[in-house]
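There are 2 protein chains.
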Amino acid sequence: MIHNPLNQILAPQSIAIAGASNNMSKMGTMQFLNIIHSGFKGLIYPIHPKETEIFGHKAYKNVQDIPSTPDLGILIVPTKLVCELLESFGQKGIQHALIITAGFKETGMDGKKLETHILSIARQYGMRFLGPNCLGVINMHLPFNATVAPAPVNKGSLSLASQSGTYVAQSLLYLYKRGIALNKAISVGNEADIDLVDCLEYYLDDDTTRAIGLYIETIRRPQEFLDIAREITQKKPIIAQYVGGTDAGARSCSSHTGAMAGPNHVYQGLFNQAGVIRAHSIEEVYACGHALATQPPLKGKRIAILTNSGGPGTSMANTLDLYGLQVPPLSTTIQNRIKSYLPGHASAKNPVDLTFHTDMTLITKTLPDILLGSGDIDGLLIHGIMDTGWAELFYPVYQRFAGDSLDNLKKMFQSDMNGLIQLAKKYHKPVIVNSFFEREDHAKSTLMDNAIPCTTSPELAAMMMAVLYANYCIQNRKNSKIPEITTPKAAHEIIDANDTLNEYQAKQLLRAYNIPTCNEQLVESIDEAILAAKDMGYPLVVKGCHSDIHHKTEHQLVHLNIISEDQLVHACKRIHETQTLAQFLICEQIQGQRELMIGMKRFANFPPCITLGFGGIFTEVVNDITLRLAPLSYNDAFEMINSLKSYTMLKAFRNFADVDCWALASILTHLGQLACHFQCISEIDLNPVIIQGDKPVVVDALFLINNEREGSHLSY
Amino acid sequence: MIHNPLNQILAPQSIAIAGASNNMSKMGTMQFLNIIHSGFKGLIYPIHPKETEIFGHKAYKNVQDIPSTPDLGILIVPTKLVCELLESFGQKGIQHALIITAGFKETGMDGKKLETHILSIARQYGMRFLGPNCLGVINMHLPFNATVAPAPVNKGSLSLASQSGTYVAQSLLYLYKRGIALNKAISVGNEADIDLVDCLEYYLDDDTTRAIGLYIETIRRPQEFLDIAREITQKKPIIAQYVGGTDAGARSCSSHTGAMAGPNHVYQGLFNQAGVIRAHSIEEVYACGHALATQPPLKGKRIAILTNSGGPGTSMANTLDLYGLQVPPLSTTIQNRIKSYLPGHASAKNPVDLTFHTDMTLITKTLPDILLGSGDIDGLLIHGIMDTGWAELFYPVYQRFAGDSLDNLKKMFQSDMNGLIQLAKKYHKPVIVNSFFEREDHAKSTLMDNAIPCTTSPELAAMMMAVLYANYCIQNRKNSKIPEITTPKAAHEIIDANDTLNEYQAKQLLRAYNIPTCNEQLVESIDEAILAAKDMGYPLVVKGCHSDIHHKTEHQLVHLNIISEDQLVHACKRIHETQTLAQFLICEQIQGQRELMIGMKRFANFPPCITLGFGGIFTEVVNDITLRLAPLSYNDAFEMINSLKSYTMLKAFRNFADVDCWALASILTHLGQLACHFQCISEIDLNPVIIQGDKPVVVDALFLINNEREGSHLSY
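If you read the sequences in order, they're chains F and R. Residues 116 to 831 in this note's numbering are what the first sequence spells out, letter by letter. Residues 116 to 831 in this note's numbering are what the second sequence spells out, letter by letter.
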C-alpha cells in the first residue's frame, strides 16, 4: 500500500491547482470551489498567471512560488499548457498529479504523441499521475471531492473506478436519491500512467472499501488485472460493466479514451477467471455494487419474499427463479406463526402476501423477525414499505376534505423503521426493500441511510440478491495453484527444427505435453502406408499431411472408415491427386459422437487465451465457447468446463459415458503451458477433440507459427 | 365498441359507491375522495347504512333510494357484503360494477365458490363487472381516477391493463417523476367477468390509446387473446410482462389472483404469434410502453448517438449493437458539418461526442437538426441534456462564493428546449434523451412534458430504441390467411377405427394431411418382411410396431442400416424376442445429419400448440424450441422457423443444402390443422424429422389419444 500513488491522490494534505480563476463559469473554477466546499481540510494553492487572489485564496503566478511542496498538483488548463505546467510541478518536487485536461490520445496521432510526452515528463521527475482526460477523484470519507460535481457527502463502502468521468462525477445526485453511498471514486481517463490495475491494488488495501464497481472500455494490463482481481475477489466483490465487446461499442471506446477494446468472450473469460461479477448496465454497477458493499453474505439460495402486493411479489419470485435462486414454501410451523398475523385472504406460503395494508409494523418488524430468524431462508426481499411518501401524495385530497397540515398527516403515517434496521443487523442476512417511492418517503430514506438497499424495481431487487449469491460462490470457490511445468526437451527440439508445423509435428508437440492424441504414423509412400496399416490394424483414417494444408476436409484430404487395403490404396491415390507433395498420415480411427474444440488465440496485450467449445457440425448452432487466460490452474480448467452452456453434454446421458473431466482439464492446463512456453505459436486449433468412451483424444491439430522469432522460447 | 362494458366503467356519468364513510383512514373513503379530487365531473352517490352525508355528499341507505340509475356501481366493502350489494345494484338496473373487495378465488375453494356466485348474480341482471380483488381504473383524459392512489393528472397515450393493482395504482408518482404519462389504466383483479381480452378490445377502438402495456400472470382466453392482439399489433403496439413462466412465478401467481400460469415457452410463442413485445420488468413495460406511445415509427436500424460524455455514449452504442441495431459512422459530408461546431478533441463519427460542454444549444438544436435531417440515420439518442438540475446541485457552492439567489442561478443555466421539441416533430423520427437528472431539472421536465422520453439509464434508452424497431417490424410483417383444410376422409377413418394409433397408423394419418413420411410397409411375419424388403430395396430400417410401444430405441426395437436379408431376419428375430406381439415396420432409410422434432401439445385453455425444435443427440444441448398456437398461417410457420436460435442450421453450410422451408412450413400448418380437427389427439411427437437433401421427412411418429371421445371430430 505504501507505494500506491493513489494514497496521496485520494487523500492529499496540500494541493496546487492550475485552471481556477475568478470567473465562476469556468470548469477549473467550479472544480476549485467544489474542493473547498466539499470540506477539504488541507492547504490549497491556486496557480494563475494574472490573478493574485482567487475567491479568498492567495494565487501564485508560478508553482515554484508556493511556500511548500504540495502533495498533489491538479491541472484543468488548456491542452497546450499541460506539458509546461507538469514540468514545473516536477521541478517543484510534486510527486502526484491529477490531469483533468482532455485533448490527448483520444483525439488521434498528435494527441497520442503529446500523451507520450507528458508521460516522459512525469517519469523524468518520478511523478505519478491520473488522467489526462479524466474528471478527478472523490473521497467521501476525508471528505475530498476533486470533481466538478458538487454532491451531498454520503459516506458508504462502495468504491468506483471508471473509464468514464460521467459515471463518477455526474451521477452523484442520482446515487444520493437512490441511497447509494460511495466510499471513493476514481475517474481514470486515458490511463497514461495510473490505470485500473493501480485502482484495484489501492482498493484491495483500503479497509473502508467493501465492494468495488468498475466501468471498463479496455483493460490495458490484462495479466496484472487478472492477478490482482483474483486476489481481491476472495475478500471483497468486484462488479464490472464492460462495453467494448461489440463493434459499435469498440468503435465508440476508441474515440472516447483511445481505448482498444477486445471481443466480449475474451473479457467475459477474464472476468470469470478473476471472479469479477459482470454488470450489463451502469445502474447494475451502482445498485448491485451497493448491495454487495452493504449486505452480509447471502449464504444460500433460499429467499423469502414479504409483500403487501401480489404483483411485485410475483415478479420478484419469477426473477429469482430465472437467476437460479429459490423461493421455497416455508415450513408449516413458520407458516402458522405468520398466518396468525395475516388477514384471511392473505398468503403465508412464500411469497408472504399481506395484501393491501397500511400498518407497517407487520412488514417492517413482526414478520421480518419470524422470517429472518426461521432457518428456512437465507435472505429477505420486501415490497411495499412506505409511509410519508404516501401521505404527501394523499395530502391534496386530505387538505381539501380534512384541512389539516401536511406535517400532521406525515406524522400520522410515519412509521418506525428501527425494527427492520436492527433485525437486519441481528440476523446477519441480506435484506433488500422495494417500493415505488424514493427519498421523499421517510421510511425509504431512513432505510437507505441505514445501509438497507432500496429499489423501485422488483426485478432489480431480485437481481441484486442473485448478485449477492454469485459473490458468495466466488468467495468460496476453490483456488488451486498453477502447475509448474518445465518446457519439455522434445518440445524445444520440434519448435527449433521447424518454421512451420504439419499435423504430425503438431501432435508430437502435444504429446510432449502429455496431451493425448490418436495413434498415428507418418509415411511417404503407398507401400509404407500399407505396412503401417498392417501394424496398426483397421479401421483407420488416412490424411494428407503437409504444413501448408489447413482445411483438409474441404480439400478431400481426409478419408475416414478405411477398413481394407484396397480402400487404403485408393485413399492414398486420391490424396496425391489433390496434393502431390503430401505425406500420408495413417491414424487410428477414434470413435465417439461428442466432439470438442480446444484452441489458443492471442489478443493484443493479453496472455495466451485458451478456448473450449463444442465441435462437430453443431458448432455454429451451439456457439458455446469458454475462454481463460493461460497459465491455467486446474480449477480454472474445471470452471471453464463447468461454464459451458452445453456442460450437460459431458455428463452421462443416453448411451454416453460421463466424460473424464480431469483428463479434459489436464489438456487445457497443459495447452496453456505450451502456449506460455512458446510465444512464437500464434494460434492453436485442436478440432476435433473426440470423446472416446469417457476420454478426450485430439484427432486433428493445427498450429500457426509466427516466424519473427524474437519472442519465442520465452516463458510468459 | 358499443357493447364493451369498459366504455362505461372508464367513463361513467354517474356512480354509486359503497364502502365510503366519514372515516378518512378507510380505503373506501380514500377512494371516494380521490374520485372527487381527481376531477370527476359526474354524479356520485355514496351508499352507507348509517351516515346521511359523506364529505358533503348526500348518502343513501340503499341503492334503491338513489333518484336515478347510476352508470357504475363501486364496491369497497367487506367480502361478506358483496353479494347482497351486487344483487341490489342489479335490481336497481345498474349495468356495470367495479368490485374492489378481495377475498375470492385467490383465497382458495370457498372464495372460488363465492366468486362463481357473484358472477351468477351479475349474469342474472345482465351486469358486467371488473374485479373482484382489483384496485380500480383510471382515465386521465376524463379525468376519472377510481383507485385509492391520488396522482397528478398527466395525460398521455399509453394505456395499461394489469393483473396487479399495484402497477396501476401505486406507481403513479413513480411514473409522473419519469415523465411517463398514462391514458387509461385498468386493474383487472381476478377477472371473474371482464378480463384482459376485454381490455384489449376496448383499447383497440380507443383512439387516444397509442400503445398498450400489460402485466400478466395468466391469460384466461388464449385464443381470443391471440386473435385480438394480432389485430391490434398491426395498428398499435402491445408490450407485456409475463411472470408465470417459472416454478416460483407460477406458485406466486396462484396465491395472488388464483391464476393458473403456463410454461414460459408457451406464452412466448403466443406473444410472438400475436406480435406482442415481451418486457422483462415492469420498468420496461412503463418506459418502453411510453416510448411506443409517444414516438413516431423507427423505420430503420441506424441510430445516431449525440452525447457530451463518452461513457454513456459508448454504453448506448454497445447496447444498441447487442439488440441488433446499428450506430453507423456518419457520411463525410455530415461529419464535416458537425465538426465545424465541435472542439478539436471531439468526435463527429457516431457517437458524436461533444465532450464536456455547458452550452446546451449544440446538443438540443444545432446538431439534432443536422443529424435528424441527414438521411444517414433513423433515430436519435442524446445523452447529457440538463440545465437547472445542475444549477441546483451547484447552488450551495455558488451561494457561498457568489452569494446570488438560486432563481438567478437557475435562470443563468436554463436552456431552451423548444428547438429539440420542434425538431423531433418536424423530422418525425424517434428521439430519446438520457441524463442522470430527473424532473428537478427544467430541461428534463420540459422534454418529459412534451412527449420526448427521458431516462436515467443509457442502456434503457438504447433498449427503448430496440423496442421501437421491434414494433416497426411487427407492424410491417406479412400476415397470411390460415389455410382452410377440410378433414380428410382417410383421417376420419383412421381415427374412428382405432382407440390407439401405432407408428404405422400415425404416419398414415400424417400422409392424409400431406405430411411427408418415409416409405414403409407394415408386415406380420418374417417372410412378409423379406418380400417387402425385396420390393423396397436396401438399405432399410426395421422396427417393431405396436401401439403400446413408445420408446423403441431404448427397447432395441429399431434396427438401422439393414443391408441384407440375413441382417433383416436377424433384426426381426431380435424384435420378437423383446416384444412378441409386435408387427414389423419395414422402412426406407432416410439419410441426413440434421434432425428436427415437431410436436403438438395441449395446455389448459390453450388451442393446440405446435412445437418445432432441433432433434438428435444435441436436443438437450441446443434446447431450442419454438411454439405457435394452431391453426397456423404460413407466415406463423415461417416465423416459427426463423425464430429458432439455431435457424442457421437450416441454411446451406458445409455440405448441407438449404432446407426447403416451404415444405417445413407446410408440415407445421398441416399438423396444426390435424390437431384442430381431432381434439381427441392429446399429444403428437414427430421425432426425428430428418432433413434428407433439402426436404424434411417424418421418420418416427407418436400420437397419444384421449379415449374420452366427447371432444373428438370437432373442428376447433
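Heads up, the beta-carbon is just placed ideally off N, CA and C, and yes, glycines get one too.
DSSP three-state call for residue i: helix, strand or coil?
i: Pro-511(R); result: helix
i: Thr-602(R); result: coil
i: Tyr-268(R); result: Here the sequence assigns Val to residue 268(R), which means Tyr is not the residue at that position. The answer is coil: DSSP assigns Val-268(R) none of H, G, I, E or B.
i: Val-837(F); result: Since the displayed chain F opens at 116 and closes at 831, residue 837(F) lies outside it and no answer follows.
i: Glu-553(R); result: coil
i: Val-252(R); result: strand
i: His-211(R); result: strand
i: Ser-136(F); result: coil
i: Gln-636(F); result: strand
i: Ala-780(F); result: helix
i: Pro-411(R); result: coil
i: Asn-122(R); result: helix
Using a cut-off of 8 Å between C-beta atoms, extract the partners of residue i located in chain R.
i: Met-139(F); result: Tyr-513, Phe-516, Ala-517
i: Gly-360(F); result: Asn-433
i: Val-814(F); result: Under the 8 Å cutoff, chain R gives no residues; its nearest Cβ is about 17 Å from Val-814(F).
Closer than 7 Å by beta-carbon distance: list the chain C residues that pair up with residue i, in chain order.
i: Thr-726(F); result: Within the model displayed, chain C is absent; protein chains F and R are what it includes.
Which residues in chain R have a C-beta closer than 7 Å to the C-beta of residue i? List them in chain order.
i: Cys-368(F); result: Thr-429
Given a cut-off of 8 Å, decide if residue j and residue i are closer than it, judged by their beta-carbon atoms.
i: Phe-551(R); j: Ser-286(F); result: yes
i: Thr-479(R); j: Met-431(R); result: no
i: Leu-385(R); j: Pro-352(R); result: no
i: Leu-538(F); j: Leu-487(F); result: yes
i: Val-197(F); j: Thr-216(F); result: yes
i: Leu-840(R); j: His-380(R); result: The shown model of chain R, from 116 to 831, leaves out residue 840(R), and the question about it has no answer.
i: Leu-779(F); j: Ile-805(F); result: no
i: Cys-724(R); j: Phe-699(R); result: no
i: Ala-790(F); j: Ala-745(F); result: yes
i: Val-512(F); j: Leu-524(R); result: no
i: Leu-311(R); j: Ile-327(R); result: no
i: Leu-583(R); j: Pro-545(R); result: yes
i: Asp-556(F); j: Thr-476(F); result: no
i: Ala-506(R); j: Met-527(R); result: yes
i: Ile-567(F); j: Leu-496(F); result: no
Name, please, each residue of chain F whose Cβ falls closer than 9 Å to the Cβ of residue i.
i: Glu-710(R); result: Neighbours of Glu-710(R) on chain F: none; closest Cβ ~11 Å, over 9 Å.
i: Asn-149(R); result: Phe-509, Val-512
Quick one: is residue i buried, meaning 16 or more other Cβ sit within 10 Å of its Cβ, or exposed?
i: Ala-605(R); result: exposed
i: Leu-696(F); result: exposed
i: Thr-601(F); result: exposed
i: Glu-692(F); result: exposed
i: Thr-222(R); result: buried
i: Asn-629(F); result: exposed
i: Gln-179(R); result: exposed
i: Phe-101(R); result: With chain R covering only 116 through 831, there is no way to say anything about residue 101(R).
Find the residues of chain F that neighbour residue i, judging by a C-beta separation of less than 8 Å, and give them in chain order.
i: Val-442(R); result: Ala-363, Arg-366, Ser-367
Which residues in chain R have a C-beta closer than 9 Å to the C-beta of residue i? List them in chain order.
i: Glu-332(F); result: Gly-425, Gly-426, Thr-429
Given a limit of 7 Å on CB to CB distance, which residues of the segment 295-320 of chain F reach chain R?
Against chain R - using a Cβ distance shorter than 7 Å - the segment 295-320 of chain F contributes no residues.
Which residues, taken in chain order from the segment 558-569 of chain F, show a beta carbon closer than 9 Å to some beta carbon of chain R?
If the cut-off is 9 Å between Cβ atoms, the segment 558-569 of chain F has nothing near chain R.
Please list, in chain order, the residues of the segment 535-546 of chain F that have any C-beta partner in chain R closer than 9 Å.
Listed by position, the residues of the segment 535-546 of chain F near chain R (Cβ gap below 9 Å) amount to none.
Between the segment 570-593 of chain F and chain R, which residues of the former have CB atoms less than 8 Å from a CB of the latter, in chain order?
Residues of the segment 570-593 of chain F with a C-beta less than 8 Å from any C-beta of chain R: Thr-571, Ser-572, Pro-573, Glu-574, Leu-575, listed in chain order.
In the segment 204-223 of chain R, which residues sit with their C-beta less than 7 Å from some C-beta in chain F, listed in chain order?
Listed in sequence order: Ala-217, Gly-218, Glu-221, Thr-222.
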